[in-house]
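Trainee: Numbering (my numbering), first residue to last: 1 to 374.
Here it is, the structure in full.
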Amino acid sequence: MTRAGQITWVGQSARLPAGAEGLEAVDLGGRLVTPALIDCHTHLVHAGDRSAEFEMRLLGASYEDIARSGGGIHATVLATRAASDEDLLAQSLVRVDDLIAEGVAVIEIKSGYGLTIGNEIRMLRIAREIQNLRPVKVITTWLAAHAVPKDFDGDQDAFIDSVVIPGLRLAAAQGLVDMVDGFCETIAFSPAQISRVFDEARRLGVPVKLHAEQLSDQKGALLAASYGALSVDHLEHLAPEEASGLASAGTVAVLLPGAYYMLRETRLPPVGALRAAGVELAVSTDCNPGTSPISSLLTAMNMACTLFRLTPEEALVGTTRAAARALGLAGEFGTIDRGARAELAVWNLTHPAQLACRIGGSPLNRRITDMRGR
Ligand code: NIG
Ligand code: FE
């Protein structure tokens, strides 16, 4: 039962509370109904194409080689800076529409391809504009600590002092920052440098999350947990014994099997240890032009099952309840419970396993939504 876009009662129709008789009933024909899906980690606002790097990797170059030689994130930074606002928005909406066609109602979108204060803020502004145009809620994340632009000559600290931190203050003052993220990796920022960014986020009262342990073990995940991070993301190189530290901080582990797949990684995230420690597991597309050019959350769910051995139910929790927690939206999105927003997906299916099993096409029957897009 819903009222004004909120779920007010859940149960069997025989037990409907008094006063429900006057409400409009919708017969969903016995179809599977889930909370509308949540893509909790994307870089979907960007321009350009990196398929040439895909070819280079297939010929033997590594992601790190390409990044160090000026490709990778830097290639997308150049394309994104060069695109007009209209073009950047139009290119991004194509990916948003792919997600919406699969029942997605909430999308997290990171900056990180601007790398100047003005261009990082522009990315977040365009990300926010999406929710005026489509029936989705957008959560925006400040990820200026994604790569060091060429003109800083590898001086990460100078970049943090002159762009990441002052830009964060400015973007937060403009109400554009829901969360702060960083890329903690040998080719990006050290844990000590990430700490400086997180200290500023804490001063501003903005929650944090971190790209951690994707390509090597930098001990970023535990650092993020010490700041009460909402999530740590990737985690292929997380030491299994560190799972309990994430559990006690209530930090969600966001699994990104699309990046694992595209980079042809072989080291699996320690899913068993995370599960045993009681860490909530979320699943996301990591939609980006380099490591995960994927705008299908259902495909990411399939990969989480086939590559990381999640059960289909875990994959569904990973794109609903756990994904909501990873965005600070627990209780509001991602569950069918009293008090939650009435954002639902109705599927031409009868069992959650069917959602994660199939690749290609969308089994979405309809969204039940209170959101409006133009
Ligand atoms: O999540 N790890 C860092 N950021 C992205 C990749 C961005 C890119 O290569 O453009 C990721 O994998
Ligand atoms: Fe990412």
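In this text, a Cβ means the ideal position worked out from N, Cα and C, and glycines have one as well.
Bear in mind the structure is a predicted one, so any value in this text is a computation, not a measurement.
(1) Can you grab the Cα-Cα spacing for the pair Arg-358 / Asn-302, in whole Å?
(2) Check for me: the alpha helix (DSSP H) holding Val-252 runs from which residue to which?
(3) Following the continuous alpha helix (DSSP H) through His-74, name the residue where it begins and the one where it ends.
(4) Excluding the five sequence neighbours on either side, which residues of its own chain have a C-beta within less than 6 Å of the C-beta of Glu-53, listed in chain order?
(5) Starting from Val-45, follow its DSSP beta bridges and name the residues at the other end.
(6) At what residues does the beta strand (DSSP E) containing Gly-318 begin and finish?
(7) Taking 7 Å as the cut-off, does the CB of Asn-288 come closer than this to any heavy atom belonging to the ligand NIG?
(8) Taking only the alpha-carbon atoms, compute the straight-line gap between Leu-32 and Leu-210 and give it to the nearest angstrom.
(9) Classify Glu-265: buried if its beta carbon has 16 or more other beta carbons within 10 angstroms, exposed otherwise.
(10) Please work out which residues of its chain come closer than 7 Å, Cβ to Cβ, to Gln-131, disregarding the five sequence neighbours upstream and downstream, and give them in chain order.
(11) To the nearest angstrom, how far is it from the Cα of Ile-107 to the Cα of His-351?
(12) Identify, in the order they occur along the chain, each residue of the same chain with its Cβ nearer than 7 Å to the Cβ of Thr-299, setting aside the five sequence neighbours on each side.
(13) Going by the C-beta, is Phe-183 closer than 7 Å to any heavy atom of the ligand NIG?
(14) Compute every distance between the C-beta of Ala-386 and the non-hydrogen atoms of the ligand NIG, then say whether any falls below 7 Å.
(15) Say whether the stretch 39-59 touches the stretch 14-30, bearing in mind that this needs 3 or more beta-carbon pairs closer than 8 Å, one atom from each stretch.
(16) If you check the beta carbons only, do Pro-339 and Arg-321 fall under 8 Å apart?
(17) Mark Ser-51 as exposed unless 16 or more other C-beta atoms lie within 10 angstroms of its C-beta, in which case mark it buried.
(18) Are the CB atoms of Ala-253 and Leu-281 within a distance shorter than 8 Å?
(19) Does DSSP put Lys-150 in a helix, a strand or coil?
(20) Let me confirm a value: Glu-378 is counted as buried when at least 16 other C-beta atoms fall within 10 Å, else exposed. Which label applies?
(21) Does Thr-186 pass the burial test, meaning 16 or more other C-beta atoms within 10 Å, or should it be called exposed?
(22) So, for Met-56: in the same chain, excluding its five sequence neighbours on each side, which residues have a beta-carbon less than 7 Å away from its beta-carbon?
(23) Got a sec: does the ligand FE put a non-hydrogen atom nearer than 7 Å to the Cβ of His-43?
(24) Flag this pair as touching only if the stretch 227-240 and the stretch 265-275 have three or more C-beta atom pairs under 8 Å; answer yes or no.
(25) Decide if the stretch 73-80 is in contact with the stretch 316-331; the criterion is three or more beta carbon pairs, one per stretch, under 8 Å apart.
(26) Which class does Glu-24 belong to by DSSP, given the choice of helix, strand or coil?
(27) Leaving out five residues before and five after Leu-143 in sequence, what residues of the same chain have Cβ atoms less than 6 Å from its Cβ?
(28) Which residue marks the beginning of the alpha helix (DSSP H) containing Asp-39, and which one marks its end?
(29) So Leu-88 and Ala-47 are in contact, right, with Cβ under 8 Å, and what is the actual spacing, rounded?
(30) In the DSSP output, what is Cys-184 paired with across the bridge?
(31) Quick one: using the 10 Å Cβ neighbour count with 16 as the cut-off for buried, is Gly-29 buried or exposed?
(32) Quick one: grab the DSSP three-state call for Ala-229.
(33) Can you check which of these residues, Ala-82, Lys-150, Thr-116, is closest to Arg-68 by C-alpha distance?
(34) Could you spell out the range, first to last residue, of the alpha helix (DSSP H) harbouring Glu-129?
(35) Between the Cα of Ala-345 and those of Ile-117, Ala-101, Glu-64, Thr-291, spot the shortest distance and give me the residue it belongs to.
(36) Looking at the ligand NIG, does it come within less than 7 Å of Thr-291, judged from the CB to the closest heavy atom?
Mentor: Reading it off the structure:
(1) 7 Å
(2) No alpha helix (DSSP H) holds Val-252; the beta strand (DSSP E) holding it covers 252-255.
(3) 73-82
(4) Ile-66, Gly-71
(5) None; Val-45 has no bridge partner.
(6) Unbroken run through Gly-318 is the alpha helix (DSSP H), 312-318; no beta strand (DSSP E).
(7) yes
(8) 34 Å
(9) buried
(10) Lys-137, Val-138
(11) 24 Å
(12) Ile-359
(13) yes
(14) The shown model of the chain, from 1 to 374, leaves out residue 386, and the question about it has no answer.
(15) no
(16) One detail in the question is off: residue 339 reads as Gly in this sequence, not Pro. No.
(17) exposed
(18) yes
(19) helix
(20) Look at the range of the chain in this structure, 1 to 374, and you will see that residue 378 is not part of it.
(21) exposed
(22) Ile-66
(23) yes
(24) yes
(25) no
(26) coil
(27) Lys-110, Ser-111, Gly-112, Asp-181
(28) Counting along the chain, Asp-39 falls outside any alpha helix (DSSP H), though it belongs to the beta strand (DSSP E) covering 37-39.
(29) 6 Å
(30) Phe-189
(31) exposed
(32) coil
(33) Lys-150
(34) 117-133
(35) Ala-101
(36) yes
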